[in-house]
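Just so you know, the sequences run in chain order A, B and C. Quick note, this note's numbering runs 47 ahead of the 1-based positions in the first sequence. Quick note, this note's numbering runs 156 ahead of the 1-based positions in the second sequence. Quick note, this note's numbering runs 3 ahead of the 1-based positions in the third sequence. Below is one structure; the comments refer to it alone.
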Amino acid sequence: MATFAQPQTLVRPASSSSSESGLWSWLTTIDHKRIGILYGVSAIVFLFIGGLEAMLIRLQLARPENDLLSLDTYNSVFTMHGTTMIFLAVMPASTAWFNYLVPLQIGARDVAFPRLNALSFWLLLAGALILNLSFLAGAAPNAGWYGYAPLTEVLVGQTDTFNTGRNIEFWALGLQVLGISSLAASFNMIVTIFNLRAPGMTLMRMPIFTWATLITSILMVLAFPAITVALVLLQLDRFLGTHFYIPSQYVNGELTLTGGDPLLWQHLFWIFGHPEVYILILPAFGIVSEIIPVFSRKPLFGYAVMVYALAAIAFLGFGVWVHHMFTTGLGPTPTAIFAATTMLIAIPTGVKIFNWVGTMWGGQIRFSTPMLFAVGLVSQFTIGGISGVMHSSAPVDTQQNDSYFVVAHFHYVLFGGSIFALIAAVYFWFPKITGKMLDERLGKIHFWWTFLSFNAAFFPMHFLGLEGMPRRYASYGDGSGWWFWNVVVSIGSFALAASFVLLVYNIAKTLRSKERAPEDPWDAATLEWTTPSPPPVYNYKVIPTITNRDQFWADKYGTGQDHEEEADLEVRIGGMKIGSVDTEDENPEDQAATRRQNAQSGDSQSLGNIEEDEHIHMPNPSFYPLVVAIGLFLVAFGMIYSYPRLEIERLSLPVLSLFGLVVMLVGIAGWSLEPASDPEPDHDESVPLGTSSHA
Amino acid sequence: MATTALEVQRAGGGTTHGDSGHGGSSHPPTSTGIDSKKLLMWWFLGSECVLFGSLIATFMIYRNRAQDLSVNLQGIEGSGLAVSSGPFPNQVLDQLYTAVSAGVLLFSSFTMVLAVASVGRGNIKAFRVWTLATAMLGAIFLAGQYFEYTEFFHEGLSIQQNIFGASFFTLTGVHGMHVFVGVIWLTMLSIVSFRGGISKKDHTNVEVAGLYWHFIDIVWIVLFTLVYLLPYRDGAESAEEHTEGAMRLVQSLPFF
Amino acid sequence: MSATHVDSQAEDAAANHPGDRVYFTMLGMLAGLTVIEVIIFYLTDSLVLRVGLLAALLLVKFVAQIGWFTHLRYDDRRITLVFGGCLFIALSVMFATVAMMAVDGFFLLNEYQ
Ligand code: HEM
Ligand SMILES: [Cu+2]
């Protein structure tokens with residue numbers, strides 16, 4: 048039957064849910080495309096909130112000795128700006144694309160664990176809510192997105208030292224919930240990519256974005272536990288009076304030298320934190336690696352090397368965290384070792400830049416909006432990458448550390464890198480998601496507006512940093528001479544923020560228009576373009592068979608030409624062939640026929656199609672993921688607002704958390720009692736691969 | 157139409173290894189031939205390596221620190237600071253007691269393996285016995301941990317008392333919580349089996365629970381050596397025992 | 004048809020896994036090693052001997068558990084790669100951190116006497 052490699056196979060006529068659009072259907076959805084859209088919309092909302100915070104920062108710094116924001120407010124604003132942008136804007140935006148695209152790109156009907164996928168999204172929302180509710184409580188996190196101890200610490204029984212409000216609770220518990228969300232999402236993606244590939248799709252035939260998803264997910268799986276532990280220890284310090292991160296603490300009422308070490312926080316945080324920056328940028332690399340070949344009409348140059356470079360970046364990414372701690376006095380040996388590993392990581396990154404250039408070289412380049420933003424990434428990320436290599440030299444970093452030079456650096460990689468790619472992705476895949484093309488003319492204006500204002504906002508920060516302007520300061524002196532570039536930066540920032548209004552206007556305008564986009568408007572190479580726009584719930588009526596890396600191109604143009612071209616561009620390092628492509632052609636006509644059939648499956652005009660659809664079994668919607676997420680939200684929230692409490696002997700437990708725990712358990716119980724397999728499993732398991740029991 | 161689908165799927169069956177990799181499971185075949193739940197569990201355990209790794213690293217960094225401070229910095233007069241005081245590990249840890257606990261957990265790994273094997277053979281009765289036995293042994297281990305903690309409290313070692321207490325209770329506590337989750341999971345499995353919900357085709361579900369359980373046991377094997385058996389330095393019992401001087405501590409910093 | 008198919012699968016799986024005898028032997032061995040560990044703890048005062056022996060025994064017990072009880076030895080090789088890779092990264096990162104953070108370098112290599 049048609050349920051190839053679909054884990055949870057509940058019978059549900061596929062037509063029943065594609066048409067539903069009520070609120071309930073969104074709350075209970077487990078369709079990877081809808082979850083992707085939910086992720087995307089949330090990311091845009093939080094991008095605007097984070098942007099608003101950036102505007103407050105820039106208003107404050109627009110003139111010297113400004114007192115628009117109080118010092119405390121300023122702390123909160125830049126902390127929430129960083130935290131929001133990283134965890135609530137860029138990461139969810141990447142996850143949105145993982146969700147929407149990966150099952151389509153590998154020829155699957157959904158992810159491996161659809162309900163877990165829904166849980167990931169609701170937990171994202173729960174964590175985001177916790178972080179942002181802090182504003183209402185007047186206790187927004189205020190210790191930076193890196194939360195260095197002892198800025199985050201308390202002394203037992205003291206009300207006026209360090210950070211005694213609830214600010215850090217909101218931050219730590221919010222991040223903890225977000226961590227669970229990211230972990231669940233990454234496990235799901237990893238298993239999906241390994242296990243649900245369509246027949247014939249070997250690892251080395253996977254689209255490069257799918258590779259980026261895989262590697263990013265592995266990074267998340269190995270990086271997040273470190274911050275989970277770091278935050279648990281922090282909460283123990285704050286709740287129970289331990290002293291993991293402060294050298295002295297009140298023990299039995301006496302201020303005692305305990306030997307706790309703030310550097311432990313920095314280690315644990317950056318063991319997570321450095322892989323995290325690759326979690327932010329690798330999906331962007333994947334997106335650009337999809338877009339550039341399409342608009343150059345050439346296969347990706349050195350596909351295999353691109354894959355190895357992704358893997359090398361991820362692997363080395365675990366061995367460089369100390370470059371964030373060069374100024375903490377670890378001594379020459381660790382400093383030298385980590386400076387070297389950091390420089391090493393520039394190699395695979397540089398390889399990627401050169402391969403993008405190699406892809407464009409000699410291609411028939413079309414500068415449509417997605418391509419403009421993609422090329423924008425290649426240029427702007429390179430600037431950020433170069434200032435990054437500068438930091439890798441410890442003596443140079445000592446000069447630049449905590450100055451605006453660093454702020455310039457990471458905005459070139461995070462904005463000029465991640466955000467540029469994410470915008471490119473919106474323009475590129477919008478017609479697939481909605482069936483409508485964004486306005487190209489507006490898009491081009493949007494690009495140039497973004498590009499210019501971005502550079503106006505961030506390039507002068509390099510000068511400010513080198514002149515000594517420190518980062519995270521709420522104000523600067525009149526005589527500092529910094530006001531000129533600060534004014535330029537602020538004006539650039541407002542212009543940059545305004546550019547997003549153009550994007551939103553474009554989206555709104557397009558959604559309202561009636562004009563439909565063709566199924567494959569860009570003449571693209573990957574499988575998702577073989578489906579109707581938007582794709583049906585089950586994605587593929589017939590699971591496609593893969594014979595080629597750029598499968599859709601092979602279908603459209605045959606295999607010979609394009610691949611000869613790639614073979615010409617074969618990459619050798621030290622005489623060893625690395626970029627080899629092996630694409631035997633198995634049965635091109637048949638495959639192309641299948642895909643044509645899939646492309647038609649959207650319109651159910653022919654009776655035959657409707658009959659077909661009923662044999663495709665998709666898992667049922669479920670609201671238990673939402674229940675579990677609400678439960679976990681209450682658990683975390685109860686730990687922030689920890690009264691009233693339940694006292695049992697020595698234990699004193701917040702009632703709200705206990706209630707949340709009960710909700711969570713009810714959710715988990717309902718989840719596992721929901722039938723998890725086909726009501727008639729027997730007929731499934733007797734089916735050898737590729738035979739249909741309905742035949 | 158349906159026939160086309162058939163042929164296409166058969167033509168491309170090359171990448172899949174068939175479903176021989178997961179005995180008796182009802183799940184549809186996967187691209188790798190490895191069951192999805194099982195793959196998920198292994199990646200989860202990989203992630204747990206970093207979780208326990210971070211906790212163990214914290215413990216290793218701090219395991220002698222309270223003692224060292226008490227020896228080297230005892231009575232820094234006039235500073236207004238007291239210095240970390242005992243109980244220290246050599247005074248509280250009871251290796252024989254914990255060896256028995258470790259044995260209990262080890263034995264539970266054995267019963268778990270038999271539970272998995274029983275399901276594989278379709279012997280549900282044996283499965284119930286072994287699963288319940290495993291859950292019971294886990295519960296005994298937890299009870300042992302409870303008494304150990306109570307004993308330590310009585311001797312004055314709390315989570316705030318010194319940094320050994322902080323890192324000891326955190327590390328073993330997180331492990332204990334994992335055991336607790338495992339006990340619940342296994343109990344649920346046996347309840348389901350009493351209601352007739354487990355059969356041979358649930359082999360993978362049981363195996364996945366087994367993987368989790370064995371991993372928890374492996375973590376304890378590591379903790380038993382690192383927390384209980386590796387030698388600790390002694391702390392100062394009284395002010396006379398110290399006077400190495402603070403410089404000693406500083407000079408011994410690595411890489412200087 | 005369905006029944007026979009499943010049966011043959013289960014037999015395949017059984018052939019792939021060690022029998023109960025092997026598990027019993029492993030249990031005996033692991034228990035024995037634990038006893039030896041405790042004996043080492045009480046008998047030797049030599050730091051090098053204690054640390055060396057305990058580390059070796061830890062390694063043996065670890066491999067025995069992961070190889071036989073979780074049947075990594077009998078399972079798909081790619082699973083070993085997954086777990087081994089994660090373990091490798093976790094171990095390297097944590098060793099480096101301990102080396103940088105522990106005041107006495109490797110936590111017990113010098114003893115105050
Ligand atoms: C309109 C766009 C943006 C503007 C004008 C802007 C502006 C700024 C400024 C001025 C700071 C420094 C605050 C200080 O040190 O006092 C800052 C910090 C930061 N920004 Fe942005 N930013 C923008 C977008 C982004 C994006 C898209 C990201 C990430 C994806 C991001 C991530 C960060 C981070 C991580 C910090 C450090 C916060 C901290 O020190 O805790 N920013 N931003
Ligand atoms: Cu870094």
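We treat Cβ as the ideally placed atom computed from N, Cα and C, and that holds for glycine.
Closer than 8 angstroms at the beta carbon, the chain B residues around residue i
| i | result |
| --- | --- |
| V238/A | S192, L195, L196, W199 |
| R81/C | T188, I190 |
| V101/C | A213, M216, I217 |
Inter-residue Cα distance where the pair is residue i and residue j
| i | j | result |
| --- | --- | --- |
| L765/A | S450/A | Missing from the structure shown is residue 765/A; chain A here goes from 48 to 742 and no further. |
| T142/A | V298/A | 45 angstroms |
| A270/A | K281/B | 42 angstroms |
| N586/A | I663/A | 10 angstroms |
| E696/A | T305/A | 28 angstroms |
| M268/B | A365/B | 9 angstroms |
| H321/A | L363/A | 10 angstroms |
| L60/C | E40/C | 7 angstroms |
| A361/A | A140/A | 20 angstroms |
| F380/B | F208/B | 14 angstroms |
| A393/A | V436/A | 7 angstroms |
| W496/A | T130/A | 26 angstroms |
Residue(s) in a DSSP beta bridge with residue i
| i | result |
| --- | --- |
| T303/A | Q296/A, A238/B |
| P701/A | R692/A |
| P517/A | S450/A |
Chain A residues whose Cβ lies nearer than 7 angstroms to that of residue i
| i | result |
| --- | --- |
| L225/B | L304, G306 |
| N318/B | T305 |
Residue j beta carbon less than 9 angstroms from that of residue i
| i | j | result |
| --- | --- | --- |
| L202/A | L302/A | yes |
| T29/A | V149/A | Outside the modelled stretch of chain A, which goes from 48 to 742, sits residue 29/A, for which no answer is possible. |
| Q313/A | A196/A | yes |
| T75/A | I82/A | no |
| G423/A | T396/A | no |
| D29/A | N553/A | Chain A is shown only over 48 to 742; residue 29/A falls outside these bounds and no answer can be derived. |
| V383/B | R277/B | no |
| V272/B | H359/B | yes |
Within chain A, partners of residue i - CB distance below 9 angstroms
| i | result |
| --- | --- |
| G236/B | L302 |
7 angstroms Cβ shell around residue i - same chain, five flanking residues per side excluded
| i | result |
| --- | --- |
| F325/B | I315 |
| T47/C | R53 |
| F263/B | L293 |
| L56/C | I43 |
| F498/A | G423 |
| V248/B | F308, E311, L313 |
| I338/A | P417, M418, A421, A471, F475 |
| V535/A | A503, P507 |
Under 9 angstroms by beta carbon: chain C residues contacting residue i
| i | result |
| --- | --- |
| L148/A | Result: empty, since nearest Cβ-Cβ is about 24 angstroms, beyond 9 angstroms. |
Residue i: contacting residues in chain C (beta-carbon distance under 8 angstroms)
| i | result |
| --- | --- |
| A291/B | Under the 8 angstroms cutoff, chain C gives no residues; its nearest Cβ is about 17 angstroms from A291/B. |
Close beta carbons around residue i, own chain, < 8 angstroms, minus the five adjacent residues each side
| i | result |
| --- | --- |
| F244/B | A222, Q223, S226, N318, F320, Y388, D390, G391 |
| E658/A | Residue placement at E658/A is poorly supported in this model, since its pLDDT is 39, which falls under 50; the coordinates still yield a value, given next. Result list for E658/A: empty, nothing under 8 angstroms. |
| D283/A | The residue asked about is misnamed: residue 283/A is Leu in this sequence, not Asp. Answer for L283/A: T289, F291, listed in chain order. |
Same chain only: Cβ atoms within 6 angstroms of residue i, ignoring 5 sequence neighbours per side
| i | result |
| --- | --- |
| L261/A | I240 |
| I133/A | none |
| L135/A | F93, A175 |
| S408/B | For S408/B, the predicted model reports a pLDDT of 45, less than 50, meaning its position is unreliable; a value from the coordinates is still stated below. Cβ neighbours of S408/B beyond the five flanking positions: none. |
Chain-ordered neighbours of residue i on chain B, where CB pairs are closer than 9 angstroms
| i | result |
| --- | --- |
| N210/A | The contacting residues do not exist; N210/A stays about 19 angstroms from chain B at best. |
Neighbouring residues, chain B, relative to residue i (Cβ below 7 angstroms)
| i | result |
| --- | --- |
| G288/A | Q316 |
| V54/C | L386 |
Residues that residue i contacts on chain A, provided the C-beta gap is smaller than 8 angstroms
| i | result |
| --- | --- |
| M104/C | D308, L310, L311, H314 |
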